[in-house]
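Below: the structure, in structure tokens.
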Amino acid sequence: MIGSALAESLRGKGHEVVRLVRRPASASDERFWDPAAGVLDGEVLDGAGAVVNLSGAGIGDRRWTKARLRELASSRLRTTQTLTAAMSRAQDPPPVFLSQSASGYYGSRPGVLREDSGPGTGVLSRLCVEWEAAAHTAPSTVRVVTPRTGVVLSPRGGALGPLLPLLKLGLGGPFGNGRQYWPWITLPDEVAALEFLLGSGLEGPVNVCAPESADVNALVAALARAAHRPAFFRVPAPALRLVLGRLADELVLASQRMEPARLLDAGFRWQHAALTDAAAWVGAELR
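Heads up: the sequence shown begins at 1 in the UniProt record's numbering, then just goes up one per residue.
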């Protein structure tokens, strides 16, 4: 979802966007690669203005088994390592490597989380630490940016995919006690932030979320009001743990009061800085 929206926006601004695909390339804007096998010709990256890496199996798409956890790791680490290795082989490597990370870096804990906050504990935190480290194996001439993205709000679904149909039917509600903070951002602002990072001088970790903090109670209530629907059907934490296993505590029930300190300092401007504006944008599509 993010990659498609970013590519569309960049093309609209006159940039050439080349996609890496895992099947034989069938269009002029496609190039083949096989990240699982570490296969990518360095010439593909020669002269590129930037490389953007948003790859990775969906964190919350299914229950975490040992096999699924291996897939979550390999789909991020092997992809990133394949890209940085190809940059090292390129005659003219890109000046910028934007490689996605996530708010999961911080784990679940109280307090305001800025970019200088250390990593948390748990599967997602360890994965993000390794993911960011892999990005920094790029050549020293490459500016590496690792956006720690939160929950991306969009009427297309994304992180809200399972919740939006229920809200539309008036059957939605908070998860657990709803007091956990989710660092949210709308899809247009996510795309704008990534474009901003490509053109700025920022490097290293950057928290990508809206400047207004909100817990799940406030987030769900705002979305429901904007869609003119009730949201009374709270999902208890034990039920979430029964269905989702450890994923419930690390993702759905986790609290991360993340602050976009570096984006604020750099002068980034949000289209939907307030939750009411974000909810109105999403909710208009749900009516």
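Virtual Cβ for every residue (Gly too), placed ideally from N, Cα, C.
- In the three-state scheme derived from DSSP, where H, G and I count as helix and E and B as strand, residue 185 is classed as strand.
- In the structure shown, residue 196 falls within a helical segment according to DSSP collapsed to helix, strand and coil.
- Separation of residue 241 and residue 72 (C-alpha to C-alpha, rounded to the nearest whole angstrom) is 20 angstroms.
- Closest in C-alpha terms to residue 270, from the list 68, 284 and 210, comes 210.
- With the rule of 3 Cβ pairs closer than 8 angstroms, the stretch 58-70 counts as touching the stretch 244-264.
- Taking the CA atoms as reference points, residue 124 sits about 5 angstroms from residue 104.
- Under the 8 angstroms Cβ criterion, the stretch 140-150 counts as touching the stretch 95-110, having at least three qualifying pairs.
- With a minimum length of 4 residues, the unbroken runs of alpha helix (DSSP H) contained wholly in the stretch 223-280 fall at 237-244 and 261-266.
- For the stretch 36-85, the continuous beta strand (DSSP E) assignments of 3+ residues that do not extend past its boundaries occur at 51-53, in sequence order.
- Burial state of residue 91 is exposed, judged by a 10 Å Cβ sphere holding fewer than 16 other Cβ atoms.
- When the alpha-carbon of residue 218 is set against those of 178, 202, 132 and 267, the nearest one is in 178.
- Within the stretch 119-152, the complete beta strand (DSSP E) segments of 3 residues or longer fall at 143-149, listed in chain order.
- When the beta-carbon positions are compared, residue 115 and residue 206 come within less than 8 angstroms of each other.
- A buried status is given to residue 117, since no fewer than 16 other beta-carbon atoms sit within 10 Å of its beta-carbon.
- In this structure, residue 221 lies near residue 231, with their beta-carbon atoms less than 8 angstroms apart.
- Contact between residue 76 and residue 107 is absent: CB atoms are separated by about 17 angstroms, not below the 8 angstroms threshold.
- If the five residues before and after residue 247 are omitted, its C-beta is found closer than 7 angstroms to the C-beta atoms of 60, 63 and 64, all from its own chain and listed in chain order.
- A residue is called buried when at least 16 other Cβ atoms come within 10 angstroms of its Cβ; residue 15 does not meet this threshold and is exposed.
- Annotation for residue 196: 268 place their beta carbon closer than 6 angstroms to its own, counting only its chain and skipping 5 residues before and after.
- For residue 89, the secondary structure class from DSSP, reduced to helix, strand or coil, is helix.
- Put simply, the backbone Cα of residue 216 is about 12 angstroms away from that of residue 235.
- Within a 10 Å sphere around the beta-carbon of residue 80 sit 16 or more other beta-carbons, which makes this residue buried.
- Membership of residue 205 in the beta strand (DSSP E) is indicated by the continuous run 204-208.
- For residue 170, the CB contacts under 7 angstroms within the same chain, skipping 5 residues up- and downstream, are 229 and 230 in chain order.
- If you look at residue 31, you'll find it in the beta strand (DSSP E) that goes 30-32.
- Judged by DSSP secondary structure, residue 19 falls within the beta strand (DSSP E) whose first and last residues are 19-21.
- Between residue 144 and residue 213, the beta carbon gap of about 28 angstroms keeps them out of contact (Cβ cut-off 8 angstroms).
- Where residue 4 is concerned, the enclosing alpha helix (DSSP H) starts and stops at 2-12.
- Separation of residue 166 and residue 48 (C-alpha to C-alpha, rounded to the nearest whole angstrom) is 43 angstroms.
- The Cβ atoms of residue 226 and residue 283 lie closer than 8 angstroms to each other.
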